Amino acid sequence: MNQIIQLSATELAAKLRAGEITSVQAVQAHLDRIAEVDGGERGVHAFLHVNTEEALAVAAEVDAIRAAGGADAQALHPFAGVPIAVKDLIVTKGQPTTAASKMLEGWMSPYDATVIEKIRAAKLPMLGKTNLDEFAMGSSTEHSAYGPTRNPWDLDRIPGGSGGGSAAAVAAFEAPLALGTDTGGSIRQPGAVTGTVGVKPTYGGVSRYGAIAMASSLDQIGPVTRTVLDSAYLHELIGGHDPADSTSLNEPVPALVAAAEQGASGDMTGVRVGVIKELQGEGYEAGVQERFNESLEALRAAGAEIVEVSCPNFKYALGAYYLIMPSEVSSNLAKFDGVRFGTRVLPTQGPLTIERVMGATRAAGFGDEVKRRIILGTYALSAGYYDAYYGSAQKVRTLIQRDFDAAFEQADVLISPTSPTVAFELGSKTDDPLAMYLNDVATIPANMAGIPGITVPGGLSEGLPVGIQFLAPAREDARLYRAGAALEKLLEDKWGGRLLDQAPELSAATTGGVA
Amino acid sequence: MSAISREDVAHLAQLAHIEMSDAELDKMTGELGVIVESIASVSEAASADVPATTHPIALSNVFREDVVGPTLTAEEALMNAPDSVDTRFKVPAILDGE
């Protein structure tokens, strides 16, 4: 494997600044890796679109500015020239945005998302758009209309979802950085099952302008990386107030890089870590529980005070989520009607009215999971059921917030396994929607309460990655970076290197790609 | 709470503007039945004295100055339209029989 793609984003950025590597070399190395492992018959298929020309042009621009020196070179963002992949739910000018749906096949956004504007301003070359479950609805990336992504650890297994493409891309060294979105765990659960790092920021901490909305009271854009420090840098880059997003917090971005650097000492003295009683035990695989217990021991040995906290209303979280999320989905996806943009399908028989065109368009343009959620949401919001379903779910949301408030009186951060299982085999849960929904049982409560969460690699079970999740109070994202970086350091010392160093070698031979 | 019937699903599909075949309606009815049953416990958790939360971190009165900001040109707005004429979106008949 080329040495350049093995570097963390922070290491690569330092080498670019020092002139040891050019950005064109870095981008080309990742494009070569994508050609090698992504597109073949058994390729990872993390990318739906590869942005070769523009990525190389931005890289060349950064190299020219650096070579010329002076004030322009000084003014470059420290990560200028470090390539990044973007989940295909985030709109980009000049590249198609599909949300992995036939509904938006070939759609070209006339505007950039705010996070994309920030990435362009910092001159990070965009490698392309990554695969996801259609409109971010799923936990395996199998609901993509363009075929599933494969887990780099085992090509017959799922990479998690919905952001399986972004997580697999960084796990397979196809990109050092990626953007994800997290509505119920779509950054953290893929991070867990691919042995990578992912962060769901505090609700409102990163602008969502230009993220195709799934459930607006839950959605959040965040970083997908291989190290905690890389996530901190990316989070600081994309975070901050945006007047174009009315839910954006008008507050400065916390000092996340500093928190990650503090955590990297591995010292957890004085930090109270709360173990959530309800997010372990039944339903959690034994191997996951073992890695989780080892992480607790490592933290305890590093000086953390481990306390047990109880969040009794979490047992209602999944149910409430599957009422609130589909309700918002049914409203947000009403705009895909074949009138102003996207696919239009004409009915094959009968009168040609706009209403029938909408019915045919949405029948052909949406996949099964999207239809299920739209119908479920329409049901939850309908007269006669609204109070019992949507109204009750909103009350549960209050109860979950209260559980978190009480827990954070006893602990600075909370901890749980990120996902109850390791990556499962492709196809094993696609016929059982409810079994699929259970993958997010540990990640959903954070979205319901708007608080931030991180997943960091916690080791292997049956040769597959296990994720450890930290949660912090709203606006206290910095605590995640301190605790996450500390655990990362403690475990890597134990393993003698990164978890991804233990992943099987991917090559053109194993994936059917271009050598 | 009552179980979800095939007629309910057909009606909901119509409200949501999604055409569904008979086979799809059968499959969807079964799947939604299981899902609705599993989430029904939510109503038992929520007593009358608990206030509802709509947004996790509520902000109020998020206004901007009432001045025109950047907007899409007509050309940009129409560039993804399935059909258009001049500077407008073109759609089939709004009403049956016209």
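As given, the protein sequences belong to chains A and B, one line each in that order. At position 324 of the first sequence the residue is numbered 428 (the working numbering), and the sequence of numbers has no breaks. At position 49 of the second sequence the residue is numbered 713 (the working numbering), and the sequence of numbers has no breaks. Cβ coordinates follow ideal geometry from the N, Cα and C atoms, glycine included. Predicted model, so just to flag it, every value in this text is computed and none were measured.
If you run the structure through DSSP and keep just helix, strand and coil, what is residue i?
i: Ala282/A; result: strand
i: Ala613/A; result: helix
i: Glu762/B; result: Reliability of the predicted coordinates at Glu762/B is poor, the pLDDT of 48 falling under 50, and the value obtained from them is presented with this limitation in mind. In the structure shown, Glu762/B sits in coil (DSSP, three-state: anything other than H, G, I, E or B).
i: Glu382/A; result: coil
i: Ala667/B; result: coil
i: Glu401/A; result: helix
i: Asp750/B; result: coil
i: Trp599/A; result: helix
i: Glu389/A; result: coil
i: Ala418/A; result: Just to set this straight, residue 418/A is Phe in the shown sequence, not Ala. Three-state result, Phe418/A: helix.
i: Gly697/B; result: helix
i: Ile508/A; result: First, the amino acid is wrong: residue 508/A is Phe here, not Ile. DSSP places Phe508/A in helix when its eight states are reduced to three.
i: Leu152/A; result: strand
i: Met230/A; result: strand
i: Ala710/B; result: coil
i: Thr126/A; result: coil
i: Thr457/A; result: strand
i: Ala741/B; result: helix
i: Ala492/A; result: helix
i: Phe239/A; result: helix
i: His719/B; result: coil
i: Ile682/B; result: coil
i: Tyr250/A; result: coil
i: Tyr139/A; result: Residue identity differs from the one stated: residue 139/A is Ala in this sequence, not Tyr. It is helical.
i: Thr735/B; result: coil
Please name the residue in the options whose C-alpha comes closest to that of residue i.
i: Ala467/A; options: Ala667/B, Asp672/B, Ile682/B and His719/B; result: Ile682/B
i: Glu412/A; options: Arg292/A, Val379/A and Leu208/A; result: Val379/A
i: Val560/A; options: Ser127/A, Leu116/A, Leu594/A and Ala113/A; result: Leu594/A
i: Asp597/A; options: Gln132/A, Ser369/A, Thr234/A and Gly308/A; result: Ser369/A
i: Ile316/A; options: Ala217/A, Met462/A, Gln505/A and Val474/A; result: Ala217/A
i: Ile188/A; options: Leu360/A, Ile220/A and Gly423/A; result: Ile220/A
i: Asn551/A; options: Lys439/A, Lys119/A, Gly314/A and Lys304/A; result: Lys304/A
i: Val361/A; options: Glu389/A, Leu236/A, Thr331/A and Gly374/A; result: Thr331/A
i: Val433/A; options: Lys381/A, Ser320/A, Gly423/A and Gly407/A; result: Ser320/A
i: Asp750/B; options: Leu759/B, Pro756/B and Glu739/B; result: Glu739/B
i: Arg261/A; options: Pro577/A, Pro549/A and Glu566/A; result: Glu566/A
i: Tyr420/A; options: Val500/A, Glu513/A, Leu208/A and Glu165/A; result: Val500/A
i: Leu603/A; options: Val310/A, Ser532/A and Ala276/A; result: Ala276/A
i: Asn155/A; options: Arg137/A, Ala171/A and Gln199/A; result: Gln199/A
i: Gly385/A; options: Leu403/A, Pro524/A and Thr298/A; result: Pro524/A
i: Tyr307/A; options: Ala722/B, Ser685/B and Gly697/B; result: Ala722/B
i: Pro280/A; options: Ser127/A, Asp176/A and Arg395/A; result: Ser127/A
i: Asp535/A; options: Glu695/B, Thr717/B, Ser748/B and Val755/B; result: Glu695/B
i: Ala117/A; options: Ala296/A, Val131/A and Leu383/A; result: Val131/A
i: Arg170/A; options: Gly123/A, Lys206/A and Val195/A; result: Gly123/A
i: Lys439/A; options: Tyr490/A, Leu208/A, Glu394/A and Pro214/A; result: Leu208/A
i: Ser205/A; options: Leu450/A, Asn235/A and Gln324/A; result: Asn235/A
i: Pro577/A; options: Ala405/A, Ser611/A, Pro521/A and Phe512/A; result: Phe512/A
i: Thr737/B; options: Ser486/A, Tyr215/A, Ile504/A and Leu152/A; result: Tyr215/A
i: Ala177/A; options: Gly563/A, Thr287/A, Arg586/A and Leu120/A; result: Leu120/A
Less than 7 angstroms between the C-beta atoms of residue i and residue j, yes or no?
i: Asp590/A; j: Arg376/A; result: The displayed chain sequence assigns Ala, not Asp, to residue 590/A. Going by C-beta atoms, Ala590/A is not nearer than 7 angstroms to Arg376/A.
i: Ser270/A; j: Asn543/A; result: no
i: Ile109/A; j: His134/A; result: yes
i: Leu584/A; j: Ile555/A; result: no
i: Ser248/A; j: Gly267/A; result: no
i: Val166/A; j: Gly185/A; result: yes
i: Val526/A; j: Leu568/A; result: yes
i: Gly309/A; j: Leu338/A; result: no
i: Ala225/A; j: Met318/A; result: no
i: Gly423/A; j: Val706/B; result: yes
i: Ala553/A; j: Gln505/A; result: yes
From the DSSP secondary-structure annotation, give me the bridge partner or partners of residue i.
i: Thr329/A; result: Leu281/A and Val301/A
i: Asn255/A; result: Asp258/A
i: Glu412/A; result: Val379/A
i: Val310/A; result: Gly343/A
i: Ala757/B; result: Thr457/A
i: Ala704/B; result: According to DSSP, which records beta bridges pairwise, Ala704/B is partnered with nothing at all.
i: Ala315/A; result: Ile194/A
Within 6 angstroms: the Cβ of residue i and any heavy atom of the ligand PLP?
i: Pro521/A; result: Absent from the structure shown: the ligand PLP. Ligands present: none.
Name the chain D residues whose beta carbon is nearer than 7 angstroms to that of residue i?
i: Glu683/B; result: Considering every chain present, this structure includes no chain D. Its protein chains are A and B.
Within the region 154 to 227 of chain A, ranges of the beta strand (DSSP E) (whole runs, at least 3 residues):
Taken in chain order, the whole beta strand (DSSP E) runs of length 3 or more contained in the region 154 to 227 of chain A are 188 to 191.
Taking the runs of the beta strand (DSSP E) that are 3 residues or longer, which of them lie wholly in the region 514 to 591 of chain A?
For the region 514 to 591 of chain A, whole beta strand (DSSP E) runs of length 3 or above, ordered along the chain, are 517 to 521, 557 to 565 and 568 to 575.
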